[in-house]
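>
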Amino acid sequence: DAKTTQPNSMESNEEEPVHLPCNHSTISGTDYIHWYRQLPSQGPEYVIHGLTSNVNNRMASLAIAEDRKSSTLILHRATLRDAAVYYCILRDKGSGNTGKLIFGQGTTLQVKP
Amino acid sequence: DTAVSQTPKYLVTQMGNDKSIKCEQNLGHDTMYWYKQDSKKFLKIMFSYNNKELIINETVPNRFSPKSPDKAHLNLHINSLELGDSAVYFCASSQFRREQETQYFGPGTRLLVL
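Line by line, the protein sequences are chains A and B. Using the working numbering, the first residue of the first sequence is number 1, and each one after it goes up by one. Using the working numbering, the first residue of the second sequence is number 1001, and each one after it goes up by one.
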């Protein structure tokens, strides 16, 4: 399974942009990059995903490096509600698309008022 | 309406007991999952069912037995509970569409074995 590397923790000030990095140097050509987040005492929730091009949705933007070996989740204006653990996940392709998500340790984002 | 629901939310029990956790999704998805989050917060897949058929079994002890009576339900029965089974168990569902599928998670069941 292709692995991802993220910083253990990051801090941000409220209403400022946050850039959460993820390295995935062993990504295969057709692996999608997914981001999930887990708010305190809740289940993980989907944030965004992409393949090659940058992606935007109402929650965040995803910037993917040209060589696809890294990506960055961008929260344009962090709020206190964005404090969570953010997981960068490559969709598993080694088990015949069974659908399982392989979670790493994620990045714990703290947002200061 | 809750998309993925789990019952109970909290479960405190003694070692050696047998307990069940239930999961229901109303999203019309064909695939459901059980994940375990341990005390160090690592989330790991345990089982997955697609159209009531088991497709993932991640070397979980035989004491854990999932059952999917229909596509909308996936239950987890645990026999002879051990201290190490204490964790948060998350159910999830998705529509199985290969790489782009999004999984929706339930709120979790917090199991404490004493």
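C-beta: ideal position from N, C-alpha, C; glycine also.
Have a look at Leu109/A, Ser61/A, Val85/A and Ala65/A and flag the residue whose alpha-carbon is nearest the alpha-carbon of Pro44/A.
Checking every option, the nearest Cα to that of Pro44/A belongs to Val85/A.
> DSSP on Asp1070/B, reduced to helix/strand/coil?
Strand, per DSSP.
> What span of residues does the beta strand (DSSP E) with Thr52/A cover, start to end?
Note, Thr52/A: premise wrong, no beta strand (DSSP E); not H, not E.
> Find the nearest neighbour of Glu1082/B within the set Lys1067/B, Met1015/B, Met1032/B and Asn1051/B, judged by alpha-carbon distance.
Out of Lys1067/B, Met1015/B, Met1032/B and Asn1051/B, Met1015/B has the C-alpha closest to the C-alpha of Glu1082/B.
> Keeping to the same chain, check which residues put their C-beta closer than 8 Å to that of Thr1013/B; ignore five residues upstream and five downstream.
Lys1019, Leu1081, Leu1111, Leu1112, Val1113 and Leu1114, listed in sequence order.
> If you follow the beta strand (DSSP E) that Leu1031/B is part of, which residue opens it and which one closes it?
The question names Leu, yet the displayed sequence has Thr at residue 1031/B. Per DSSP, Thr1031/B belongs to the beta strand (DSSP E) from Thr1031 to Gln1037.
> When you check each C-beta in the region 3-17 of chain A against every C-beta of chain D, which residues fall closer than 7 Å?
Annotation note: the requested chain D is absent from the structure, which comprises protein chains A and B.
> Would the region 1059-1077 of chain B and the region 1030-1043 of chain B be scored as touching if the rule is three or more Cβ pairs under 8 Å?
Contact between the region 1059-1077 of chain B and the region 1030-1043 of chain B is present, because at least three Cβ pairs lie under 8 Å.
> Listing by chain order, which chain B residues have their CB less than 8 Å from the CB of Tyr46/A?
Those are Thr1102, Gln1103 and Tyr1104, listed as they occur along chain B.
> For Phe103/A, decide whether its Cβ has a neighbour in chain B, counting only Cβ atoms nearer than 8 Å.
So yes, Phe103/A belongs to the interface.
> Grouping DSSP H, G and I as helix and E and B as strand, with all else coil, what is Ser95/A?
Residue confidence for Ser95/A is low, a pLDDT of 48 falling below 50, so the modelled location carries little weight and cannot support an answer.
> Considering just the uninterrupted stretch of the beta strand (DSSP E) at Ala84/A, what are its terminal residues?
Run containing Ala84/A: Ala84 to Leu90, per the beta strand (DSSP E) assignment.
> Distance, Cα to Cα, Pro21/A vs Lys1041/B?
Using only the alpha carbons, I get a separation of about 20 Å.
> Which residues of the region 1030-1045 of chain B have a Cβ closer than 9 Å to any Cβ of chain A? Give them in chain order.
Residues passing the 9 Å Cβ filter: Thr1031, Tyr1033, Tyr1035, Gln1037, Lys1040, Lys1041, Phe1042, Leu1043, Lys1044 and Ile1045.
> Please tell me whether Gly94/A has its Cβ less than 8 Å away from any Cβ of chain B.
Residue confidence is low: Gly94/A scores 48 on pLDDT, short of 50, so the model does not pin down where it sits. No coordinate-derived value is stated.
> CA-CA distance, Arg77/A and Thr26/A?
If I take the Cα positions, the gap works out to 31 Å.
> Anyone know if the C-beta pair for Lys112/A and Glu15/A falls short of 8 Å?
No, the pair does not count as a contact, with Cβ atoms beyond the cut-off.
> List the whole-angstrom C-beta distance separating Asp1038/B from Ala1087/B, where the pair is believed to meet the contact cut-off of C-beta under 8 Å.
That belief holds up - the Cβ atoms of Asp1038/B and Ala1087/B are roughly 5 Å apart, short of 8 Å.
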